[in-house]
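Peer 1: Here it is: the structure, laid out below.
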DNA sequence: ATTGCGCCCTA
DNA sequence: GTAGGGCGCAATG
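Numbering (the numbering used here), first residue to last: 7 to 922.
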């Protein structure tokens with residue numbers, strides 16, 4: 007048995023992944039070098055492991071030499087539709103070879119073979135000699151090669167991939183993987199596979215029959231008719247695919263194995279390369295005298311004092327002694343993570359079932375208070391009385407010396423507040439992640455745990471089941487409940503330890519501390535307050551809509567010459583364009599005729615009466631299903647009010663969003679719609695007050711782009727769209743003002759001649775001319791857009807006036823479309839996001855200011871992006887209006903002084919509609 | 001039971 | 001052209 011260990015680096019695969027994962031660095035010469043830098047550090051780490059116990063004794067970098075290979079001779083379409091590599095990656099390919107040579111490491115490429123095949127040839131040869139082999143790649147095709155003595159290394163996650171990984175990911179052995187890959191095909195490489203068969207089905211088929219030929223032989227016994235036919239029809243495609251994914255492993259080796267031996271790295275060529283690229287930090291390491299590849303003391307432990315997630319260290323607290331012990335320890339450490347378990351995902355309908363608490367990584371407990379038996383086998387478990395636990399927690403959770411950390415803490419705040427428990431001071435890991443990494447990922451616990459802790463949390467489904475069989479948490483037996491709940495608190499604490507220190511380092515402190523962190527409590531109170539809806543009125547509207555819908559349905563069916571499902575765009579399209587023979591085109595990729603408003607308006611204008619009827623039907627159906635029916639179902643039986651849930655960490659720009667129900671999209675534009683808004687009413691003896699920022703985003707654009715004419719117009723209270731019309735067209739009338747308004751909005755959305763043309767109904771040339779004229783009259787706008795796009799290209803993110811970041815990884819996307827979309831987002835995000843920051847600051851301040859003014863009846867109920875809705879006693883309307891107006895108008899201060907005033911319009915009434 | 005699509009409501 | 005959520009339909013599992 008040899009002690010040799012061959013590392014084969016899949017160079018091409020690596021740089022593609024590095025390009026998309028790493029920041030867009032440029033080298034000393036201003037050339038793109040992100041992938042080169044990533045490759046260099048990766049190679050450095052590998053080479054540096056020479057002489058370590060499992061490190062490489064031999065190493066080579068394998069690259070693709072040419073695009074035409076034996077697979078093209080087999081199947082001309084192979085890789086035919088692969089998009090060209092990104093333009094700023096192409097120049098980095100040759101530099102990868104330079105980098106490899108700088109390390110004095112062999113770089114192997116052979117015409118007619120793909121890197122994968124060369125790797126396969128070397129791997130087989132080395133295994134035959136009794137060597138160990140590591141393939142540095144995470145390419146699924148290469149996983150076919152895994153066997154005892156050979157595994158793969160994913161350097162991005164520093165993770166070894168062996169047979170268990172293949173089993174986990176594909177459900178089969180590495181030896182069977184080629185058959186699975188053949189069945190599923192590969193869209194990127196244009197391996198056909200079998201239509202209708204994806205990874206799941208392919209894996210199941212191979213698991214059941216053992217191999218591809220057995221699957222094809224048994225095809226006619228397969229139950230699902232679609233799948234059976236597809237396998238029969240495409241058996242040859244499957245066999246061809248099998249050959250395409252097979253790796254060629256018997257070609258002669260371009261360089262003998264022994265020549266791949268890894269020795270110390272001569273420093274001179276490496277230094278020259280690093281200097282040339284301007285990789286200073288790496289250069290320092292060389293000049294410090296550290297010679298790569300020489301034995302080195304083991305590196306400082308990467309992470310941490312933290313234990314793995316060992317659930318047996320979690321305690322289920324069922325005695326007073328244990329409860330007091332945990333509370334004493336929690337008080338002593340002063341920083342704890344908490345989580346509540348309930349019987350409902352809606353925090354306003356949820357009853358507290360238990361509370362978990364982590365006081366150190368790995369050290370957590372679960373305190374059950376509301377568990378019941380399953381109703382059949384198990385008894386109600388022994389637990390501490392609810393009030394005993396709540397009394398003790400009430401003190402701890404309000405203790406100003408103990409920081410409470412939660413993940414999506416708003417949920418817990420609402421549930422606990424309803425149980426009479428306040429939580430302060432508090433941090434929220436979801437919000438921390440949002441303020442640090444908006445645009446990079448979602449901020450749910452599962453994602454954060456995976457990314458930051460490389461750990462998969464116990465899934466709720468695995469504890470409570472799914473679908474019909476799902477049980478509520480109060481029926482989960484205590485041992486499982488403890489594992490799940492305590493782990494959540496444990497994870498939250500560990501996440502906080504990683505995220506919180508990044509705030510200051512990444513300049514996110516201001517947004518977190520002054521805006522989002524205090525907002526959590528404010529929004530929790532808004533959700534708890536809810537808003538009253540007039541159920542009887544909604545019910546009347548539902549009935550009224552129902553009869554009108556029925557009438558319209560009859561008329562539509564008559565016009566169509568027979569019944570069909572009007573709500574089915576597919577059927578409607580077929581009726582209009584096939585049966586009735588109207589002209590119009592297929593649009594969607596699914597081959598369905600477009601029947602949206604623009605299309606139906608067009609038909610109506612051309613004298614098709616049915617189009618108008620369908621539009622009316624659509625409007626009423628929408629209003630009924632989405633609003634009048636749905637809202638009645640959302641009335642909370644306990645409070646008689648509707649309690650939305652505001653999401654604080656969903657929108658990429660910093661806005662809130664609203665769900666269950668969404669109260670940020672209640673109709674207002676049409677007469678019918680306004681009747682729904684009128685069903686939102688004040689409680690008996692109170693009134694609603696709606697306070698809107700007037701044109702806040704345009705004002706912010708005028709400030710941020712520094713446009714003197716627009717600033718002056720806002721200062722004077724002039725009509726902004728008329729001003730724009732005057733500047734662009736030299737005269738103001740209905741038509742020019744309308745166009746100017748459209749263009750003003752287009753600017754906020756990151757203008758494109760294509761989009762503007764679509765909106766204005768002109769051609770692109772004319773739209774572009776208007777944009778040019780706009781830039782000519784308002785040069786600040788052009789500069790703002792150019793600077794913003796330059797910033798996002800450079801840094802990968804844009805910021806609001808208050809420092810909130812939106813990351814836009816799409817700016818380095820593969821296609822021009824993706825990159826242009828990111829540019830528009832980059833232009834819009836600072837404006838939309840600054841507006842979001844401002845109204846959030848107002849929300850945080852308004853409560854205390856009202857309190858200070860002695861106004862005790864005012865409750866904030868809703869936020870709709872530029873509007874706040876309050877409910878209050880009529881006696882306080884005047885005083886409250888003044889406070890609210892001042893707070894909203896001054897919300898940017900003192901952090902930011904705007905060069906335009908912020909206008910606030912206030913109205914009051916018995917209903918939301920009347921308050922506008 | 002879940003998922004993708006087309007459509008439409010808001011700022 | 002920006003940012004959201006939700007409905008019904010139809011095709012999947």
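Every residue gets a Cβ at the ideal spot worked out from N, C-alpha and C, and that includes glycine.
#1: In the DSSP assignment, find the alpha helix (DSSP H) that holds residue 494 and state where it starts and stops.
#2: May I ask you to verify whether the segment 406-420 touches the segment 429-438, counting CB pairs closer than 8 Å and requiring at least 3?
#3: What are the boundary residues of the alpha helix (DSSP H) that includes residue 337?
#4: DSSP has residue 599 in a bridge; who is on the other side?
#5: Flag this pair as touching only if the segment 483-499 and the segment 452-468 have three or more C-beta atom pairs under 8 Å; answer yes or no.
#6: Could you tell me the boundaries of the alpha helix (DSSP H) in which residue 869 lies?
#7: Could you tell me which uninterrupted beta strand (DSSP E) segments, each at least 3 residues in length, are contained entirely in the segment 690-754, listed from first to last along the chain?
#8: Tell whether a beta-carbon distance below 7 Å holds between residue 600 and residue 593.
#9: May I have the straight-line CA-CA distance separating residue 301 from residue 58, to the nearest angstrom?
#10: Over the uninterrupted beta strand (DSSP E) stretch that includes residue 14, give me the two end residues.
#11: What residues in its chain sit with their C-beta under 8 Å from that of residue 788, if we drop five residues either side in the sequence?
#12: List, from N- to C-terminal side, the beta strand (DSSP E) runs of 3 residues or more that fit wholly inside the segment 396-429.
#13: State the beta-bridge partners of residue 573 as determined by DSSP.
#14: What number of angstroms, rounded off, separates the C-alpha of residue 60 from the C-alpha of residue 262?
#15: How many angstroms separate the CA atom of residue 437 from the CA atom of residue 700?
#16: If I'm right that residue 667 touches residue 640 with Cβ under 8 Å, what's the distance once you round it to whole angstroms?
#17: Which ranges does the beta strand (DSSP E) cover as unbroken runs of at least 3 residues, wholly within the segment 811-843, from first to last along the chain?
#18: Please report the Cβ distance between residue 891 and residue 910, rounded to the nearest whole angstrom; I am assuming they are in contact, meaning their Cβ atoms lie under 8 Å.
#19: Quick one: does the C-beta of residue 266 sit closer than 6 Å to a heavy atom of the ligand HEM?
#20: Which residue spans inside the segment 458-482 form an unbroken alpha helix (DSSP H) run of at least 4?
#21: Along the chain, where does the alpha helix (DSSP H) containing residue 40 start, and where does it finish?
#22: Below 7 Å CB to CB, which residues in the same chain sit around residue 211 once its five sequence neighbours on both sides are set aside?
#23: Can you name the start and end residues of the beta strand (DSSP E) that residue 165 belongs to?
#24: Starting from the C-beta of residue 535, find all residues in its chain whose C-beta is less than 7 Å away, skip the five residues before and the five after it, and write them out in chain order.
#25: Helix, strand or coil: how does DSSP classify residue 309 here?
#26: Can you tell me whether DSSP reads residue 158 as helix, strand or coil?
#27: From the DSSP output, which residues share a beta bridge with residue 909?
#28: If residue 169 sits next to residue 179, beta carbons under 8 Å apart, how far is it from one beta carbon to the other, in whole angstroms?
#29: Beta carbon of residue 905, beta carbon of residue 717: below 7 Å?
#30: In whole angstroms, give me the CA-to-CA distance for residue 643 and residue 537.
#31: For residue 785, which three-state DSSP category applies?
#32: By DSSP, does residue 286 sit in helix, in strand, or in coil?
#33: I need the straight-line Cα distance from residue 516 to residue 452, nearest angstrom please.
#34: Is the segment 728-745 touching the segment 804-822, taking contact as three or more C-beta pairs under 8 Å?
#35: Just to confirm, is the Cβ distance from residue 197 to residue 250 under 7 Å?
#36: Ordered along the chain, which non-local residues of its own chain (more than five positions away) have a Cβ less than 8 Å from that of residue 721?
Peer 2: This is what the structure gives:
#1: In the first chain, residue 494 corresponds to position 488, counting from 1. For residue 494, the enclosing alpha helix (DSSP H) has its first and last residue at 484-511.
#2: yes
#3: Translated into the one-based positions of the first chain, residue 337 becomes position 331. Start and end: 326-339.
#4: Here residue 599 corresponds to residue number 593 of the first chain, with the count starting at 1. Looking at the DSSP output, residue 599 sits in a beta bridge with 592.
#5: yes
#6: Working through the first chain from its first residue, we reach residue 869 at position 863. Counting along the chain, residue 869 falls outside any alpha helix (DSSP H), though it belongs to the beta strand (DSSP E) covering 865-869.
#7: The segment 690-754 contains these whole beta strand (DSSP E) runs: 693-700.
#8: Taking the first residue of the first chain as position 1, residue 600 is located at position 594. Taking the first residue of the first chain as position 1, residue 593 is located at position 587. In contact: residue 600 and residue 593 (Cβ atoms closer than 7 Å).
#9: Within the first chain, numbered from 1, the residue matching residue 301 stands at position 295. Within the first chain, numbered from 1, the residue matching residue 58 stands at position 52. Residue confidence for residue 301 is low, a pLDDT of 41 falling below 50, so the modelled location carries little weight; the figure read from the coordinates is stated next. If you take the alpha carbons of residue 301 and residue 58, they lie about 8 Å apart.
#10: Position 8 of the first chain, counting from 1, holds the residue named residue 14. Element bounds for residue 14: 11-16.
#11: The sequence position of residue 788 within the first chain is 782, counting from 1. Result list for residue 788: 781, in chain order.
#12: Fully enclosed beta strand (DSSP E) runs of 3 or longer: 409-412.
#13: If you number the first chain from 1, residue 573 lands on position 567. Residue 573 pairs with nothing; no bridge assigned.
#14: In the first chain, the residue the question calls residue 60 occupies position 54. In the first chain, the residue the question calls residue 262 occupies position 256. So the two alpha carbons sit approximately 22 Å from each other.
#15: Position 431 of the first chain, counted from the first residue, corresponds to residue 437. Position 694 of the first chain, counted from the first residue, corresponds to residue 700. Approximately 28 Å, taken between the alpha carbons.
#16: Here residue 667 refers to the residue found at position 661 of the first chain. Here residue 640 refers to the residue found at position 634 of the first chain. With 8 Å as the limit, residue 667 and residue 640 qualify as a contact, their Cβ atoms being about 5 Å apart.
#17: Qualifying beta strand (DSSP E) stretches, in chain order: 811-813.
#18: For the purposes of this step, residue 891 is identified with residue 885 of the first chain, where counting begins at 1. For the purposes of this step, residue 910 is identified with residue 904 of the first chain, where counting begins at 1. Confirmed, Cβ separation roughly 5 Å.
#19: As for the ligand HEM, it is missing from this structure, which has no ligand bound.
#20: 466-470
#21: Translated into the one-based positions of the first chain, residue 40 becomes position 34. From DSSP, the alpha helix (DSSP H) with residue 40 extends over 40-53.
#22: Taking the first chain and counting its residues from 1, one reaches residue 211 at position 205. Excluding positions up to five away in sequence, the list reads 189, 221.
#23: The count along the first chain starts at 1 and reaches residue 165 at position 159. That run of the beta strand (DSSP E) goes 165-167.
#24: Translated into the one-based positions of the first chain, residue 535 becomes position 529. Closer than 7 Å at Cβ, skipping near neighbours: 865, 867.
#25: Stepping through the first chain from its first residue, residue 309 is reached at position 303. Low confidence applies here, because residue 309 scores a pLDDT of 44, under 50, leaving its location unreliable and the question unanswered by this model.
#26: As a first step, residue 158 is located in the first chain; it is residue number 152 there, counting from the start. Residue 158 falls in the strand class under three-state DSSP.
#27: On the first chain, position 903 is the one that residue 909 refers to. For residue 909, DSSP records a beta bridge to 700.
#28: Position 163 of the first chain, counted from the first residue, corresponds to residue 169. Position 173 of the first chain, counted from the first residue, corresponds to residue 179. Residue 169 to residue 179, Cβ: 6 Å. Contact.
#29: The residue given as residue 905 occupies position 899 in the first chain. The residue given as residue 717 occupies position 711 in the first chain. The answer is yes: Cβ separation under 7 Å.
#30: Residue 643 sits at position 637 when you count from the first residue of the first chain. Residue 537 sits at position 531 when you count from the first residue of the first chain. Computed Cα separation, rounded: 13 Å.
#31: As a working mapping, residue 785 is identified with position 779 in the first chain. In this structure, residue 785 counts as helix in the three-state DSSP scheme.
#32: If you number the first chain from 1, residue 286 lands on position 280. Helix at residue 286.
#33: Within the first chain, residue 516 is the residue found at index 510, counting from 1. Within the first chain, residue 452 is the residue found at index 446, counting from 1. Using only the alpha carbons, I get a separation of about 27 Å.
#34: These segments do not touch.
#35: As a working note, residue 197 is residue 191 in the first chain. As a working note, residue 250 is residue 244 in the first chain. In contact: residue 197 and residue 250 (Cβ atoms closer than 7 Å).
#36: Position 715 of the first chain, counting from 1, holds the residue named residue 721. Closer than 8 Å at Cβ, skipping near neighbours: 906, 907.
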